[in-house]
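Undergrad:
Rendered as structure tokens:
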């Protein structure tokens, strides 16, 4: 079913359609399995889980009663928890998705009393497998929900001092990957104060998702004000940083960084990003020790949140692979229509939802 626009809430509707077309999580709510996991100590005291569960039932169970549903309760609970979502101004879909999934996770977190993070004692000689397992165990000791089980993965980040070679490893949990669009492919819509204009990026107007992932995992030079404070040298040093995926989530959300902000202007990158609808292989972006352990690294597209229009607000829609009938559908607020994977616009795609093959 579609979702009625409550007043510039297309950003929310687009995300809710993508999340509700995630089979693992929607089956959990339709079976009312969430009822035994509700955490009344969370910031929203279980109200968001209840509101979303009710919406999922109306969207997927009461097919004959209407063609669209009103997500009022979800909007109200989210607004009560975050002031920026209170009114009816257009908001960023990725910011909403992060807040929504985090709040839903806390509402269903089986860890109701969180202990302080355990201080990890690791030696430089410890393997990545050992250290990553320690970090993951520490994270899961405080975070255990059906939402986490679907959307959460782990990143390996390593900083290296270029002076002495000292390194520091982190294995943080992630809920989405925010990937840059390569500069050579950037085509911008710019807003200077009240004026609007277009600017090129010095290259082609398209790129591939793989190129975005290459840029995300590329070695980054940290110099000047960005230099790392090396614990061994005990001072800021020129250094390098590299991030690689270490633990793959069941559903991978990729955020294409189309919006850029600076003091004097805002840019939207209108680059056509070409992405596969089936067979996205994450193995090249996994750390080698993680790649050996991964049973599968191949993903298939199940949803896209699209942003059309310019910086003055624009409009969000969604394309989703309907997990019930197996066909693609376009969702434009209350309007739902059959679609094809080929109808998805690479220049409008903003959030990509990929599901890991079993």
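In the UniProt record's numbering, the protein residues as written are 1 to 358.
Cβ atoms here follow ideal geometry from the backbone N, Cα and C, with glycine treated the same way.
1. Taking only runs of the alpha helix (DSSP H) that begin and end inside the segment 127 to 156, which ones reach a length of at least 4 residues, in chain order?
2. Please report the distance separating the alpha-carbon of residue 356 from that of residue 144.
3. Assuming residue 141 and residue 37 are in contact, meaning their beta carbons sit under 8 Å apart, how far apart are those beta carbons, in whole angstroms?
4. On the CB-based measure, 16 or more other CB atoms within 10 Å of its CB, does residue 182 come out buried or exposed?
5. Do residue 286 and residue 244 have their C-beta atoms closer together than 9 Å?
6. Beta carbon of residue 346, beta carbon of residue 274: below 9 Å?
7. Looking at residue 30: is its Cβ nearer than 9 Å to the Cβ of residue 70?
8. Quick one: Cα of residue 195 to Cα of residue 267, how far?
9. Using 8 Å as the cut-off, can you tell me whether the segment 304 to 318 makes contact with the segment 5 to 21, which would need three or more C-beta pairs spanning the two stretches below that distance?
10. Is the segment 81 to 89 in contact with the segment 54 to 63, if contact means three or more CB pairs nearer than 8 Å?
11. What are the uninterrupted segments assigned as alpha helix (DSSP H) that are 4 or more residues long and contained completely in the segment 310 to 350, given in chain order?
12. Which residues does DSSP pair with residue 178 in a beta bridge?
13. Just the Cα atoms here: how many angstroms apart are residue 83 and residue 251?
14. Measuring only the C-alpha atoms, how far is residue 349 from residue 151?
15. Using the beta-carbon count (16 or more within 10 Å), is residue 309 buried or exposed?
16. Pairing CB atoms from the segment 38 to 58 with CB atoms from the segment 152 to 172, are three or more of them under 8 Å?
TA: Straight from the coordinates:
1. For the alpha helix (DSSP H) assignment, the uninterrupted runs of no fewer than 4 residues enclosed by the segment 127 to 156 are, from N- to C-terminal side, 128 to 140, 146 to 151.
2. C-alpha of residue 356 to C-alpha of residue 144: approximately 20 Å in a straight line.
3. At roughly 17 Å, the Cβ-Cβ gap does not stay under 8 Å, so residue 141 and residue 37 are not in contact.
4. Buried, since its Cβ has 16 or more Cβ neighbours within 10 Å.
5. Less than 9 Å divides the Cβ of residue 286 from the Cβ of residue 244.
6. Their beta carbons are under 9 Å apart, which means residue 346 touches residue 274 by this criterion.
7. Going by C-beta atoms, residue 30 is not nearer than 9 Å to residue 70.
8. Confidence is the limiting factor: at residue 195 the pLDDT is only 44, short of 50, which leaves the residue's position unreliable and the question unanswerable from this model.
9. Here the segment 304 to 318 makes contact with the segment 5 to 21; the two share three or more CB pairs at distances below 8 Å.
10. Not touching, per the Cβ criterion.
11. Listed in chain order, there is nothing to give.
12. Answer by DSSP bridge pairing, in chain order: 255.
13. Counting only the Cα atoms, residue 251 lies some 28 Å from residue 83.
14. So the alpha carbons of these two residues sit roughly 19 Å apart.
15. With fewer than 16 other Cβ atoms within 10 Å, it is exposed.
16. The segment 38 to 58 makes no contact with the segment 152 to 172, as fewer than three CB pairs between them are under 8 Å.
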